[in-house]
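Going by full-length UniProt numbering, the residue at position 174 of the sequence shown is 174; the numbering climbs one at a time, nothing skipped.
Quick reminder that beta carbons are idealized off the backbone N, C-alpha and C, glycines included.
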Amino acid sequence: MDWVYNDTVKDHFMNPRNVLMDEDGFGEDGRGLTGNVKCGDQMLMLIKVDPDEERITDCRWKTYGCASAIASTSILSEVVKGLTLDEAFNLTPKDITARLGGLPEHKIHCSVLGDKALRAAVNDYYQRTGRPEKVREDKAKLVCQCMAVTDHEIEDAVLEGVRDYQALQEHTKLGTVCGQCRGEAEKLMGACIGKHFDH
Numbered sequence: 001m002d003w004v005y006n007d008t009v010k011d012h013f014m015n016p017r018n019v020l021m022d023e024d025g026f027g028e029d030g031r032g033l034t035g036n037v038k039c040g041d042q043m044l045m046l047i048k049v050d051p052d053e054e055r056i057t058d059c060r061w062k063t064y065g066c067a068s069a070i071a072s073t074s075i076l077s078e079v080v081k082g083l084t085l086d087e088a089f090n091l092t093p094k095d096i097t098a099r100l101g102g103l104p105e106h107k108i109h110c111s112v113l114g115d116k117a118l119r120a121a122v123n124d125y126y127q128r129t130g131r132p133e134k135v136r137e138d139k140a141k142l143v144c145q146c147m148a149v150t151d152h153e154i155e156d157a158v159l160e161g162v163r164d165y166q167a168l169q170e171h172t173k174l175g176t177v178c179g180q181c182r183g184e185a186e187k188l189m190g191a192c193i194g195k196h197f198d199h
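Shown next, in the form of structure tokens:
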């Protein structure tokens, strides 16, 4: 059977870089954990930081995830070394996917685990160093009041392949009661498609 992944993705999947072998021995400055192992995807990211320049000097990670999650986080772990905390925090799944030379569209959602865990690790570093004011929360915004659907759920739906309003309704049940949220939901869906897929 032919691989659906390019050679860069295959290399990072078969030979992942910076995998965490001994959590106790790494001595991280920041720790981020995201996902749910019960759902099959969980990511742990540990970072070391130069406190004077606030640059990431090293990182380690481990995951319960698919080839896309492993390859994406492997290349992410190389990219972040030398970046400032702000630069690292602002990396997107699209940045990482581009470095990999692309992923199958239905696998893009797997690539978000690494950057979410990285942002959590950056926030953890700020908490540990007594600067909670620098923590950037990623709070969800309620879009559909009737069905309690948030902007995060719309983004997740896009990452899982939703491309039109009808599919979004089927996926989230958004807009199936009063329908007043349709305009905002379609705008958010378009923004998410642009963020993750348009080049």
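From this set, the options, which residue's C-alpha is nearest residue i's C-alpha?
i, options, result
"Gln145", "Glu184, Thr129, Gly130, Lys94", "Glu184"
"Cys110", "Ala120, Tyr125, Lys94", "Lys94"
"Leu174", "Met147, Leu188, Val158, Gly161", "Met147"
"Val177", "Val149, Val158, Ala98, Tyr126", "Val149"
"Lys139", "Pro132, Asp151, Ala88, Arg128", "Asp151"
"Val112", "Arg163, Phe197, Phe26, Glu28", "Phe197"
"Leu142", "Glu170, Pro132, Gly25, Leu188", "Leu188"
"Lys195", "Pro51, Ile96, Glu28", "Ile96"
"Glu28", "Ala88, Asp11, Ala98, Arg128", "Arg128"
Give me the Cα-Cα distance between residue i and residue j, rounded to the nearest whole angstrom.
i, j, result
"Gly82", "Val9", "22 angstroms"
"Asn123", "Lys134", "8 angstroms"
"Pro16", "Thr92", "20 angstroms"
"Asn18", "Lys62", "9 angstroms"
"Ala167", "Glu153", "13 angstroms"
"Ala121", "Met45", "7 angstroms"
"Gly25", "Glu155", "36 angstroms"
"Glu23", "Val162", "37 angstroms"
"Ala98", "Gln180", "36 angstroms"
"Arg182", "Glu170", "13 angstroms"
When the distance is taken between beta carbons, is residue j closer than 7 angstroms to residue i?
i, j, result
"Ile47", "Cys66", "no"
"Ile108", "Leu159", "yes"
"Phe13", "Ile56", "no"
"Ala191", "Thr172", "no"
"Leu85", "Glu53", "no"
"Ser68", "Leu103", "yes"
"Tyr165", "Glu137", "no"
"Val49", "Tyr125", "yes"
Return yes when the C-beta of residue i is under 6 angstroms from any heavy atom of the ligand MG, and no when it is not.
i, result
"Arg128", "As far as ligands go, the structure on display features none, and thus does not contain the ligand MG."
Tell me, to the nearest whole angstrom, how far the beta carbon of residue i is from that of residue j; I am working on the premise that it is less than 8 angstroms.
i, j, result
"Leu100", "Ser72", "7 angstroms"
"Gly130", "Met43", "Contact flag wrong, Cβ pair sits at about 26 angstroms."
"Tyr64", "Asp41", "7 angstroms"
At a cut of 8 angstroms, does the segment 77-84 reach the segment 25-32 through at least three beta carbon pairs?
-> Note that the segment 77-84 does not touch the segment 25-32; fewer than 3 beta-carbon pairs, one per stretch, sit closer than 8 angstroms.
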